[in-house]
Every structure is written in C-alpha cells, then in structure tokens.
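Protein chains in written order, with our numbering: chain X, 1 to 487; chain Z, 1 to 100; chain Y, 1 to 308; chain W, 1 to 489. Where a beta carbon is used, it is the ideal one built from N, C-alpha and C, also for glycine. Heads up, the thing below is written out as structure tokens.
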C-alpha cells in the first residue's frame, strides 16, 4: 500500500483526462460524472491519507527512467498541504465549470486538459526530487496552454502565445539550474537536502537565481509576471484554476521547495541571496498592487492582485524565519481560497449579468446578493481585515519579519494593505452603496456557479476564525515548519 | 615502380574528377566526373593490392562490385537528367544553370 | 621497358581523362570517356587484374558509354545538350589538387602490404579463380546486395516515366531499316555474343570472367537484337521480363537461406557442393544481370513527348 | 542468428516478389513482407536482450576473409525503430499509394523501393565490414533518391538529382577512406581495425570517411539537399527519408569514431563535429521558422534535430569515453536518434493526411484541420513535444542525459545548444500547431479513414512512451556498447 497510494492519487485526474479526450462533445452526462467522480474520489483518498499520515505512515513510489532520471513521488507534510488545497478547489472548480460552460463547444477538449492540469499539479505536489518536480512542472505548462487558448479568438491566442513565451524560457532556466546543481551533487531529493559545502558560492548564487527565474515565471514575480494579466482572456474557471489552484501556486510552491528543501534556510542566508529574494518579492507585492489600482476591468484587477498576493508566499520563504515561513505557507492556502472566491464571483458577474468592468458593479449588492456577499468577503480577506484569512497570513508575516530582523518588510506589508484597500474598497462601495443602472439584466439563480463561491467564501471566514485549531491551515503550516524546518 | 605510377595516376584522376564535379554544371559532365573519381580510386586501390608477393584478389572483387554500383548509380542519374531536361528544358540544376 | 610502357599508358589515360573533364562539348567528352575506359582496361591488364580489366571495358566503357551516348541524344532532342564553356574555377582547382596530393601522400605513407591470407580458404571455396571465390563465396553478401542495387536502380529509373507512358514499350523506339547495316548486324552478332557471354560465365569459375562480365556481353547482344528489331521491345507489364529480373537475386538469396538451413549458416556453401552451387548461382545471376542491364540502358517507357 | 538473417532476407524476398508478381498480388505480398520483417526485428531485439550482442560470420568465413555481422543493442534498437516506422509507413501507403489514387506507376514502384530500403537499412545496422557498409549505403541512396523522384513533379526531379549528386559525392569520399584503410591494414572489419597498428594514413582515411558520411547525414553545411528532397517526396516516403535514412550514415560515423578508430578522436576533431552539429541546430531552426509549408518546416527541423546527436562526440568520445558520464551522454544521443525517428515519421505521415484531405500542406490551407481530423492534430502535437524535448518524451530523456553529460564533463557550453535548440523548436513548431488547431477551417477536408488517421498517432505516442519508459531502452542500448564505462552518474 505504501507505494501505490501516490500513484493512486494521480489516477483520479489522469484517467478522466484520458477518457474525456475521446468522448463525443454531446455526452455531457458521462463527462460530468467522470469529472466529478474523479474529484470526489481524489478528495476521499486524501482524507484517508491524512488519517494514515497522522498515524505515522509514509508513502513513496519510484519510477526510474534512466540513471539520475527518476520520478519519485513522496508524501510529506508540505505536499499534503498543497494537495489538500488543490483537491478541494478542484472539486469546487469542476462544479463551477460544469455550470459555467453548460453545453458550449469543445468541452471534451477543455475538461481533458483541465483534468490533466490537475494531475500535473498533484504530481508536482507529490514530487520528491527536483527532476520529478521539473517533469510535472512542464506537464503543467503543456496542459494549461490549451486552457488559456480555449476560446481560440484573437485575444486568447495572443494570451496563449505570451504564456508560452514566458513559460518555456522559464522552464529552460529551471532545467539548467537543476542539471547544473545535480552535476555537482548528484540527484537532489527533497528529503535529504544536498551537501552544498564544497561548491563555489558564486556558482551557487547563479544556480539559485536560475531556480528563482525558472519558478518565478509561474509565480508571477516582477518582472516575469507579464503573462498573468494577459491570460485573463481565458474563461473564468480557467482563471480560477490558474490563479488559485495550479500554475501560480505551483510557482510559489516551487519557491518554497527550493528555498527549504534544496538550499535550506541557512545556506540561503549564508549565500546572501535571501534578502535579494525578499526585495524582489516586496517589489512584486507593491508593483502588483499599484498596477491593480490602474485596472478598469474586474478580471485584470484581480490578476494584478494575484501578482501581488502570491509574493507574500515568496516573501515568507525568503525571510527564512519560522514565523514568516508559517505566514507564507498559510497564505498558500488562504490566497487560494480568497482568490478563487473572487474569480468565481467575477465569472458570475460576467456570465449572468454581462459585467466586465468595475463601473458595472454599481448596485449589484441588492440584485445579486449571494454573489456580492461572497465577493465582498473575498475582497476584505485580501485587504487583511480580521478575522478573515488574509489577516492571519499578514499577521504572521509581520511577526516573522521582525523575528528575521527585517523590519522594513512591515512597511511593505502596510503599503500593500493600503493599496489593497484602495483597489478593493471602491468595488465594495459600488456594490452596496451606489444605485444600479436601470435595466441591467441579471439573475443569480445558478446554484452550480453560486454554491462553490459560497463554500469558498465561508472557508475564507472559517480558516480565519478557526485559525487556532490544529487542523486549520495555520495549524498545519505551524506543524510543517516546526517539524520539518525548525531550527 | 610501375605500381607507384598507376597509384599516382589514380590520385590525379581523382583530382581531375573532383575538379570536373565542382567546376562543371552540365549533369552529364558531372556523371562522367563521378566515374572518373571512382575509377581513379579503384586504380589506386588496385595498385595497392598488387604490392604484395601475390596479387590480392579481395581488392579486385571489391573493385568489380564498385564498378557495377557505379553503373547502377550512373544509370539512375542519367535517367534523372533526362527527366529534368524533359520537365525544365535544361540539364543543369535549377540554381546553377546560370553560373559558369 | 615495361615501366616506360606504363608511364606512356598512364600519360595517355590522364590526357584522355583531362579531355573528358575540360574538353569542349558534351558529346566529345562522352567519346573521350569511352576511350578513357578502354585505356583504363589496358591498365588493369597491365596490373594483372584481368577480371577487373574485363569489367572496366564492358561495364565502364561499354555500357556507361552507351548510356551516356543515348542520354546525349535525348538531351539534344530536348535542346539541353548545350553547356556553358568551362571557366577557371580557383576554389575547385585548389580542392582538386588538395585531394590528389592527399591521396598521393597516402600512397607513400602506406605500411607494408597486409593482405589476408587466403591460402587455406581458397581450396575450400570450390572455384579456382580467387576473384570469383571472393565475389561468390567469401563476400557473397556484397555481391548479392550489388545485384539488388542494379535492380533498385532499374525500379528507380522506371519511376521517372510519365504516367501516361507507363504501359508503352520501354525506351524510345528505334527503327532499324530492313536490310540495313543494323538489321544484318542484329542477326549475325547475337549468336556469337551469346556463345562468348556463356563462355565468360563458365570460365569465370576457374580463370578470368564471371557473372557481371558475362551478363554485360549478353546484355550487349540483347541490346543489338532490340535495336535491330529482332526482339520486340519489352513492356513493364510483361511478367516474363519482370520474372527474369528477379530470378538471379532470388536464386542467390534462396541458396543463401538453404545454407542457413542445411549448412553452417547464411550464404554458406559446403566445400563439396561449392562448385556446382556457384555455377548455378552465376548462371541465374547472369541472366538477371543481363536483363537488368539491358533495361537500364534502354530506359523507362517513353512516348517521346515533352512536358515543358 | 536466425532473427538477424530474417531481418535481411525477408524484406529482400518480399521486394523481389512485389516486383515479379502481378498487380493484384503486390499489396498483399508487400504487407506480408512488412509484417514478417517487423516480427523479425522485434525477435532480434528480444534475442539481443536475452543473449547479448549476436555476431554472425557470413558463409562461415571469419573476417578478414569474410564479412561479419553483429547486432548490438544500438543496432537492434534502430532495427526496431525502423520496423515500427516502416510498418506505419506501409499502413499509410496502403491508402496513399493505392493504384486508383497514385496511378499504376507509383503504386508499382513504391513497395519494392520501400522494402529494398528497409533491407538496406537493416544491413547497415548490423554490418561490421566497411565495404559492405558502402554497398548498403549505395542501396539506401538509390532507393531513397527514387522515392524522392517518385511523384514525377519537376521540383521532385530536381531535388532528387541534387540529392543523388550529394549522396554520390559522399559515397566516393567514404569509399576513398575505405580504400586507404584496407590498403594499410588488409582488413575491412571494424573490430579488426580497432586492434590494428596505427599508421599515419589513418587520420586521412578517417577524415575522408567522416566527410562522406557527414554529407550523407546532411550535417550543416552539407544540409542543402535535404529539405527540398524530403519535402518533394510523397509523405510516406518523406517519413522514411527523414526518420531513417540519415540514421544509417550517422550510425557508421559512430561506429568509426567510437569503435574502429577511437584513438584518433582528438579534442579538436570532436569539437568540430559538435560545432557543426550546433550550427545545424541553429541554422535548421532559423530556416524552419521561415517556411510556409508544413513539410518544409518538418524537413528543416530534421536538419536541426540531427545536429543534437553530434554533441555525443565531445561528450562521450575520445578521452571522455572512459569517464563516468560517457554512458549517459552516449545513450542520450541514441535516444535522440530513436525518438526523433518516431516523432518525425509521425509528423510526415500527419502531413500526408493533410495533403490527402485538402490537397496542400501550406499553413494557410491546413488551418483548423484539427477540428475535422482531431487524431492527426493530436499526433502532430505529441510529436512536437518530443522534438521540443519536453518531458516525458524521448526527446526530453535525450536532452537530460546530454545536458547532464555536458555539465559533468565541464563542457557546459553545449548545454546552450540543447536549451536554445529546444526554444527554437518551440518557435518554429508554434506556427504549424496554431494553424492546425485554429478555430476556423480554411479548406473543407475530404474524409480520411479512421485506420489511416490512427497511424501517426500511434507513432507519436510511441515517441512519448519511449521517454516515459526509458529505463528498459537505456539498459538495452548498453548491450555491446563500446567502452563500457562505469554506469551512469
């Protein structure tokens, strides 16, 4: 059992993917059953595994391809955190996507790549070695590209091209870094960080930079973030997936892996690369927010907000103090919950009321109360109002910054919070306090769309309120840091 | 001594053939140049095989094989040249017809 | 004395070779080329390589020459026989000189001759002519592939036919005048050539000769008969011609397989059976080579029309 | 031994039968030959896997008197790859070369030429005799040239003639080297040459043979004949020409530099070979970027993809052969050979389907065809993944192993070629992919039988599967490998 479970975790997404590609367009029922069944099954497996891991079981599966080229799937606490998040959000996004697309064209292709993308994310989370991480990272790029291009109109195709133009050089940098490092240390497993003591510090710094460039493209680090706002041309479920579950998260997750499981916090500090990374993250946080402020389109504004918010995770990793790390890790979950809520709602506004720009939101609070309530919760969470999810993350990051002796980070957090408020509060004001345009046609009687948003919005509140509980994301992140990376 | 004469003749023939191949553009000329190179090489080979106490039959057999192979290649090449002339009115390759 | 003779012969060969490359006019170059082949055959005889001499004269000078002459005729009809005059080409001259010098150097750098010792193997080969032993026994695989190459070239050549001409007789049609030189030539020559060709194959086992040389002579006979109208022009659709093409390689191949089944291995000939086996293979091969060479020379079916 | 011989005899017999038998028996006998030869190739691989490399002295005559054949892991692996490609080509040609579609001439000639080409490739894969390799190469050349010319179009004739010109020049250069090495050592056998006493003329002999083989492999700057020839041929022929034919001369090159005369592999020579390979990667990629026809893009990509393989020379050749990274780098290059073969054949067969469907392979005419022919579009996309070297394809395994070798040996500059070539491939394959997957259909396609559409898809899947399941092929390629260095890194 110990070797089969990691493989078993991939199958609920891989099998539906493989089957869905060959389904005729109009066999909606079968396709939906496959997708939902896969998602539910996976969630069930994860719950089972959580219980098993809590009782001390370990899981590992290995597929040697060639000497040094081994796919290693391993379940550790960090993997579990990411995989639980992605599995939960995958189920919700699937429900949402089924309702969103209805009977539109090319759905077999869409859901095929959708499942493949989730399979890649699962593999990425379970990867126990650098090279398996890379393989799933590339698979993720390949499977998300058709999703971005899904509409196949000019903007989508342009967005997809931009995505590739960023992603492929990023992958090249990552591969370069991996092979450079492994040529000196042998294959790198996350369980046993390599011994870097004998290596030239200058080379190590270059390798670190290449690693950060490689995963930074996906994480949307400035100045490698250009593809992310462009990818807004994709349908709403794709945006939700890209921003909250898969791609951006994979980048941030990669940063955490590289900092803690490849280099280790001490080496990072010794090489003097932690502070530059923290600066890059800070610049991204501020710059993303500034750009978000300038956007008139709801989804664009959300996209730049993602650029900004994901770098909290990177910042947490870069500061390398336990509390900052807890803040970063917990934000991995919190940002996912909040951002997916916002994108679900943005999709509902667009789909059910034709609202794309922020001035269309006027007075929608009364006409679409459920959606608007969820949107507001997500937005307030992003700003960091207690007791919502975002507050917990920012609080721990702030404490961590002081712990790490980098008080300037507090200024960054403060500036970011103000900017967050500046670009989200006007939306809330429009929603609830401005009169609506006379004859906007809207209705939110679409449970498949609204229900997932309600669930995630509730979770946004729940994870904040129950942060002290050991099974909350915060409790989990604390466990990871104290067990795995504690001093 | 005679062998050296034949070997040098072979080497020179190869040179002549190479020149014809590079400097001539009419494809029949080039086919002849190929045969010149081939036969020059064979002459060299034959002279080398005659150096020992007895005549080495292996080079002779290889040369006969080589001659037949050269004929096969020449026949196909000649056919292609005729086909080229039929379809394009020239016996030179498209981008070289104007040169030399 | 013989050295002087050789030097004179080589000078002649080089002169004719030079004329082939640098001389004026494609037609004259072809004539020089044929002469060159004949002179080279004498050179081979001087080296004591009579089998090669025969092959050079029959195949290089004879058949290739006919091939080139026929091609020149067709090109002239397509007004593609003209060529630009030779201009001085320095890079080509440098490369050519370099290659010749390198080969010349290699000759003087050769170590002492190191030929494989065949004394033990030859008596086992079943034939007295060592060249035939190499061709049909020691390196039979080369020879088998060589026969296949001829066949492949022929199939390739046929692919150059126009679709509308596919069912026409092969080659451009020659019309010998009844009672003319060609016609009488065509009646007298074949019986003589036939005997000579068969003799060459038979003799090849023990002295000079062999399947390829004999096949070439038979091919010449066949060509003359075709030109004289004694034989009707073949068509691809005629099964007998195609069967004749594959007969020799087929027998060779199957005897090789028989060796794998009944003797030590693929293409193996038990010494006791080697001589009859080789003669049988050679006879079959000669027939097919002759037919292949004939069809190679007369070319694909051609209705004489022009595309462009 | 029987398996080895069957792989040579069966396609020859089938070709002879296809020539001699009347028209209605031609296709059945050819397909029978294809099936049996495929079985023989797989059988050979299985026996090599169980018994190790197989050596046969033909006619019972040992070298230097006779000719030895030897099937090692590499030769048998190439044999299986060839067999898979040939079987796919045959299944596609069943439709494309039908007498009613292609005319009586083409439908007559295609099958024997294909089978003869197959026999010649198998002969080269196992031959240990330099002159026998020359004969094999000539048979490959003549059949390949005929396959280029088979369409009868004016540009095909010109391309075929140019190809023949280059190939014959290459043959003569190679032959010159063979002549010199026999004259010096009295043997043509690769293993015996490896044990020879070196003489000064060896370098010239090796140089001549190498130059000739480079021309035949279409390495930059000798590549000019390849794209017009490969794009002018009918698609099933292009698939064979691009996927298989250059591999034969490349294999001989490897045998010379790694087995026959490894001591002549000086750093300068190895650098030159890889440098030309690097230029081929760049130049082939740039030119592929500029083409407007699918087949030309794919053909220029062959020039680029062959370039990668030449990195094997500095990474695993010469003094590096005994280093721990040599096994990985060498095997990486062999994965490139195998993976490229499968993927490239898939691409050309997909292009053939498009040409059959809309009568053209211009990018503007194949727009949106993935909607009407989804399997073909999927096949092209999968094959692209291999050419890009993205995981988990054979191309990635190759790139990973070569890059690891480059870093381990301190020659990391070659890694730029691997990474840059991958990005360039992404650039030049992006246009055909977006065209094929476009939303609107430019030309309404004729229906294509399901069985035909599946053919390139299976090949493309195999090229990915080779990467996914690369551990068995990796071990297989080590069988009989020269310079058994310590296993991997």
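Limits of the alpha helix (DSSP H) - the one that residue i falls within
i	result
residue 168 of chain Y	From DSSP, residue 168 of chain Y is part of no alpha helix (DSSP H); its letter is neither H nor E.
residue 388 of chain W	374 to 388
residue 29 of chain Z	27 to 49
residue 430 of chain X	408 to 433
residue 177 of chain X	154 to 185
residue 278 of chain W	267 to 289
residue 85 of chain Y	That residue, residue 85 of chain Y, is in no alpha helix (DSSP H); it is neither H nor E in DSSP.
Cβ neighbour criterion (16 or more within 10 Å) applied to residue i
i	result
residue 257 of chain W	buried
residue 311 of chain W	buried
residue 359 of chain X	exposed
residue 84 of chain W	buried
residue 474 of chain W	buried
residue 261 of chain Y	exposed
residue 487 of chain X	Note that residue 487 of chain X scores a pLDDT of 42, beneath 50, so its modelled location is shaky; the value from the coordinates is reported in the next line. Counting Cβ neighbours within 10 Å, residue 487 of chain X comes out exposed, since fewer than 16 surround it.
residue 46 of chain W	exposed
residue 451 of chain W	exposed
residue 433 of chain X	exposed
Beta carbon proximity, residue i to chain W, threshold 8 Å
i	result
residue 192 of chain X	no
residue 227 of chain Y	no
residue 135 of chain X	yes
residue 65 of chain Z	yes
residue 93 of chain Z	yes
residue 6 of chain Z	no
residue 179 of chain X	yes
Min CB distance residue i to chain A below 8 Å
i	result
residue 444 of chain W	Structure shown: chain A not included; protein chains present are X, Z, Y and W.
Residue i: first and last residue of the uninterrupted beta strand (DSSP E) it sits in
i	result
residue 60 of chain X	59 to 66
residue 71 of chain X	69 to 75
residue 55 of chain W	54 to 57
residue 116 of chain W	Here residue 116 of chain W belongs to no beta strand (DSSP E); instead the alpha helix (DSSP H) covers 99 to 126.
residue 69 of chain W	68 to 71
Distance between beta carbons of residue j and residue i, contact taken as under 8 Å
i	j	result
residue 159 of chain X	residue 140 of chain X	The pair is not a contact, with the Cβ atoms about 17 Å apart (cut-off 8 Å).
CB contact check: residue i to chain X, cutoff 8 Å
i	result
residue 493 of chain W	Shown here, chain W extends from 1 to 489; a query on residue 493 of chain W therefore has no answer.
residue 1 of chain W	no
CB contact check: residue i to chain Z, cutoff 8 Å
i	result
residue 196 of chain Y	no
residue 299 of chain Y	yes
residue 123 of chain Y	no
residue 212 of chain Y	yes
residue 168 of chain W	yes
Below-8 Å beta-carbon distance, residue i vs any chain Y residue
i	result
residue 339 of chain W	no
What residues in the region 253 to 269 of chain Y bring their beta carbon closer than 9 Å to a beta carbon of chain W?
253, 254, 256, 257, 259, 260, 263, 264, 265, 266, 267, 268 and 269
Listed from N- to C-terminal order along the chain, which residues in the region 138 to 159 of chain X have their beta-carbon within a distance smaller than 9 Å of any beta-carbon of chain W?
138, 139, 141, 142, 146, 149, 151, 152, 153 and 157
To be precise: take each residue of the region 125 to 148 of chain Y, compare its Cβ to all Cβ atoms of chain W, and keep it if any distance is under 7 Å. Which residues remain?
137, 138, 139, 140, 141, 142, 145, 146 and 148
Got a sec: which bits of the region 11 to 41 of chain Y sit with their beta carbon under 9 Å from any beta carbon on chain Z, in order along the chain?
11, 13, 14, 17, 18, 20, 21, 22, 26, 29, 30, 32, 33, 36, 37 and 40
According to a CB-to-CB cut-off of less than 7 Å, which residues of the region 132 to 147 of chain W neighbour chain Y?
132, 135, 136, 138, 139, 142, 143, 145 and 146
Selection of the region 68 to 89 of chain Z by Cβ proximity to chain W, strictly under 8 Å:
69, 72, 73, 76, 77, 80, 81, 83, 84, 87 and 88
When you check each C-beta in the region 170 to 193 of chain W against every C-beta of chain Y, which residues fall closer than 8 Å?
176, 180, 183, 184, 185, 186 and 187
Selection of the region 23 to 37 of chain Z by Cβ proximity to chain Y, strictly under 8 Å:
23, 24, 25, 26, 28, 29, 31, 32, 33, 35 and 36
Members of the region 145 to 164 of chain W near chain Z, C-beta cut-off 9 Å:
145, 146, 149, 152, 153, 154, 155, 157, 158, 160, 161, 162 and 164
Against chain Y, which members of the region 217 to 234 of chain W pass a CB distance test of less than 8 Å?
none
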